[in-house]
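Colleague:
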């Protein structure tokens, strides 16, 4: 009897292990599919940002309205709003509100920030959950640094409301009682689907928790199986084994023909069926065993129904996926190809299943696909690679997200590939890049022309400055208070003063003789009214104390409102003319001293 009991216990144990292994692999596969879809969605938005970053308007504030319209088209395509910010994290535009509206700075969360990470690494970054200062709701952000001169000058960002991710997660088919969550790098929940009775902290053991990390972000997907559901097969097998042991003991004790007959009838009643005379034997232990078996069978039927429902939903997702989804055995033979894969390749399912890439593609492409498969099997880590396929005689570019499907022992049984056609996106990016290069060439040419013009202008200004300073006459400008604003070298040489001693420090009246100072005060007030004077005679008082006679003419410079700004004054050396006037005056005086007396 004992060997039979041990054999039963062993078989029950192996049966439980098989159920658990199958369930664990199902959990890992569901989490892997969700992570792959999540990474694909994040990568798609990063690619979109990179295309938008090529825009010629980013560095031209006068054209940010045009950039705003381009960002709105991005938002319509991806369902994610766009933000442009500078390196100081100041928002410059946000498609969530009208262009030109006042915008705050980006938030500074203590956990991982997409903006700060992108600035620090110079690479695209996905941040943790944060409360949006403009959206006023929880969201996550993707940031792309835009470098100028080797440094990040701007940040182009897109945001995803957590409700969007919640809606997507709710469409994931799960067995009854299971829960699934998307958590950020700080372990904060971004989205979660689970029964109200399931609490991650207490209702799930570590062995019932399956975590798959994202390749694109610090996020992860966590699938949870409640402890009661996870251990149900163990409890059921243990109960059956205990019942079997009890039954064996009863058989040994009761013995005899009567016990054998009644035991046979009781065992027969497990199927439930009445004996010939319509009565049912009443062996309580066997009746309990029958009831437990019936409950187990009902539970198994419920579990199988849940698995069928899950398989139905997963099949619906695979069949309706816009991506080309395929599953291959590790030797390269196709085990599954979804309808979109078949449509893209113009092949039926029967023409694909069991074939290898060498049967479907030219050798050069098939070798590359096989190399990617082998690399995946070596690393056993999910990968995202760009692949080129020959489809209908045309080369098409695909972004393929690959991950291994593991068996109960942890070995790879299949290779799953989810491929998204990015041919048009790459063409658009190439065209945008061509326009960007053309624009940069035009800007470079224009910059060179402006530099040449600036050089010519500098030479011209130098010539004008030289003419101003080396003119044979004096030039100066004073403000309405008579303070020197500017003076040329010629006039400074006459005065024997330096420019530092005069400009901004001396008043014009300070370089005049006492007599001329009074004349200046009177004429300067008149000048403020008339706006011009001509050939006013003054005596300049040099630094060495000598006096120099000059003639001054001036015009007033006004602003748009007619207010006095400064004078434009020209000063002529009047020394020779003054000496001539003095000599002439003396000659006239001598002539007047002569008297002409007539002869008698």
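In UniProt numbering, the protein residues as written are 1 to 600.
Every residue, glycine too, gets a C-beta built ideally from N, C-alpha and C.
Is the beta carbon of residue 182 less than 8 Å from the beta carbon of residue 221?
Modeller: Yes, the pair counts as a contact, with Cβ atoms nearer than the cut-off.
Colleague: Drop a sphere of 10 angstroms on the beta-carbon of residue 90, count the other beta-carbons inside from all chains shown, and report buried for 16 or more, exposed for fewer.
Modeller: Exposed, since its Cβ has fewer than 16 Cβ neighbours within 10 Å.
Colleague: Taking the straight line between their C-alpha atoms, what separation do you get for residue 567 and residue 583?
Modeller: For residue 567 and residue 583, the distance between alpha carbons rounds to 34 Å.
Colleague: Just to confirm the assignment: which complete beta strand (DSSP E) runs, minimum length 3, are found wholly within the UniProt domain "PAC" (378-434)?
Modeller: As far as the UniProt domain "PAC" (378-434) is concerned, its whole beta strand (DSSP E) runs of at least 3 residues are 383-391, 394-406 and 412-421.
Colleague: Which two residues bound the contiguous alpha helix (DSSP H) that contains residue 573?
Modeller: First-last for residue 573: 564-573, but that is the beta strand (DSSP E), not the alpha helix (DSSP H).
Colleague: In terms of residues, what are the limits of the beta strand (DSSP E) holding residue 537?
Modeller: Unbroken beta strand (DSSP E) run through residue 537: 532-541.
Colleague: Please work out which residues of its chain come closer than 6 Å, Cβ to Cβ, to residue 422, disregarding the five sequence neighbours upstream and downstream, and give them in chain order.
Modeller: Taken in chain order, the residues that qualify are 397 and 399.
Colleague: Quick check on the DSSP output: what are the complete beta strand (DSSP E) runs of length 3 or more inside the stretch 33-94, in order along the chain?
Modeller: DSSP runs (the beta strand (DSSP E)) wholly in the stretch 33-94: 81-86 and 91-94.
Colleague: Restricting to runs no shorter than 4 residues, where is the alpha helix (DSSP H) found entirely within the stretch 314-349?
Modeller: With a minimum length of 4 residues, the continuous alpha helix (DSSP H) runs that stay inside the stretch 314-349 are 339-345.
Colleague: For residue 484, collect the residues of the same chain with a Cβ closer than 8 Å to its Cβ; drop the 5 residues on either side in sequence, then sort them by chain order.
Modeller: Excluding residues within five positions, the ones whose Cβ falls inside 8 Å are 476, 477, 478, 502, 503, 504, 505, 506, 507 and 508.
Colleague: CB-CB under 8 Å to residue 97, same chain, minus the five flanking residues each way: which ones, in chain order?
Modeller: Excluding positions up to five away in sequence, the list reads 103 and 134.
Colleague: So, do the stretch 402-421 and the stretch 375-386 have three or more beta carbon pairs nearer to each other than 8 Å?
Modeller: With the cut-off at 8 Å, the stretch 402-421 and the stretch 375-386 touch.
Colleague: Suppose only complete runs of 4+ residues qualify. What are the alpha helix (DSSP H) ranges in the stretch 177-202, listed by chain order?
Modeller: Runs of the alpha helix (DSSP H) inside the stretch 177-202: none found.
Colleague: Just confirm the distance between the C-beta atoms of residue 152 and residue 106, as a whole number of angstroms; I'd bet it's less than 8 Å.
Modeller: Between residue 106 and residue 152 the Cβ distance is about 13 Å, and since that is not below 8 Å, they are no contact.
Colleague: Leaving out the 5 sequence neighbours to the left and right, which residues in its chain are closer than 6 Å to residue 550 when beta-carbon positions are compared?
Modeller: Answer for residue 550: 538, 540, 571 and 574, listed in chain order.
Colleague: If distances are taken between C-alpha atoms only, which option among 45, 369 and 344 comes closest to residue 331?
Modeller: If we check each option's Cα against that of residue 331, 369 comes out closest.
Colleague: Counting only the same chain and skipping the five closest in sequence on each side, list residues whose C-beta sits under 8 Å from that of residue 185.
Modeller: Answer for residue 185: 111, 112, 128, 217, 218 and 219, listed in chain order.
Colleague: If we require 4 or more residues per run, which alpha helix (DSSP H) segments fall completely within the stretch 430-510?
Modeller: 489-495 and 499-502, all fully within the stretch 430-510.
Colleague: Quick one: what does DSSP say residue 523 is sitting in, helix, strand or coil?
Modeller: Helix, per DSSP.
Colleague: According to DSSP, what are the bridge partners of residue 552?
Modeller: Per DSSP, 536 and 571.
Colleague: Give the secondary structure of residue 356 by DSSP, where H, G and I count as helix, E and B as strand, and everything else as coil.
Modeller: Coil.
Colleague: Taking C-beta to C-beta, are residue 415 and residue 355 nearer than 8 Å?
Modeller: The answer is no: Cβ separation not under 8 Å.
Colleague: Is residue 171 helix, strand or coil when you go by DSSP?
Modeller: Correct three-state label for residue 171: coil.
Colleague: For the beta strand (DSSP E) containing residue 155, name the first residue and the last one.
Modeller: Its beta strand (DSSP E) spans residues 151-161.
Colleague: Look up residue 229 in the DSSP assignment and say whether it is helix, strand or coil.
Modeller: If DSSP states are grouped into helix, strand and coil, residue 229 belongs with the helices.
Colleague: Taking buried to mean at least 16 other C-beta atoms within 10 Å of its own C-beta, is residue 190 buried or exposed?
Modeller: By the neighbour-count rule (16 or more Cβ atoms within 10 Å), residue 190 is buried.
Colleague: Can you look up residue 143 in the DSSP assignment and give me helix, strand or coil?
Modeller: Note: residue 143 maps to strand in three-state DSSP.
Colleague: Let me know the secondary structure DSSP gives residue 218 once reduced to three states.
Modeller: Residue 218: coil per DSSP, three-state reduction.
Colleague: Name the residue from 528, 121, 580 and 473 whose alpha carbon lies nearest to the alpha carbon of residue 552.
Modeller: Of the candidates 528, 121, 580 and 473, the one whose C-alpha sits nearest the C-alpha of residue 552 is 473.
Colleague: Hey, how far is the Cα of residue 50 from the Cα of residue 159?
Modeller: Between residue 50 and residue 159, the C-alpha separation is close to 15 Å.
Colleague: Thinking residue 27 and residue 418 are a contact (beta carbons under 8 Å), I'd like their distance in whole angstroms, please.
Modeller: Not quite, the Cβ-Cβ distance comes to about 19 Å (not below 8 Å), so this is no contact.
Colleague: Of the choices 531, 52 and 19, whose alpha-carbon is the least far from that of residue 431?
Modeller: Nearest of 531, 52 and 19 to residue 431, Cα basis: 52.
Colleague: Less than 6 Å between C-beta atoms, sequence neighbours within five positions excluded: which residues of the same chain meet that for residue 271?
Modeller: Bear in mind that a pLDDT of 49 at residue 271, under 50, signals an unreliable position, so the number given afterwards is only what the model happens to contain. Within the same chain, residue 271 has no close Cβ partners at all.
Colleague: My guess is that residue 69 and residue 75 are in contact by the Cβ rule of under 8 Å, so how many angstroms apart are they, rounded?
Modeller: No, residue 69 and residue 75 are not in contact; Cβ-Cβ is about 11 Å, not under 8 Å.
Colleague: Would you report the Cα separation of residue 54 and residue 532, rounded to the nearest angstrom?
Modeller: Approximately 58 Å between the Cα atoms of the pair.
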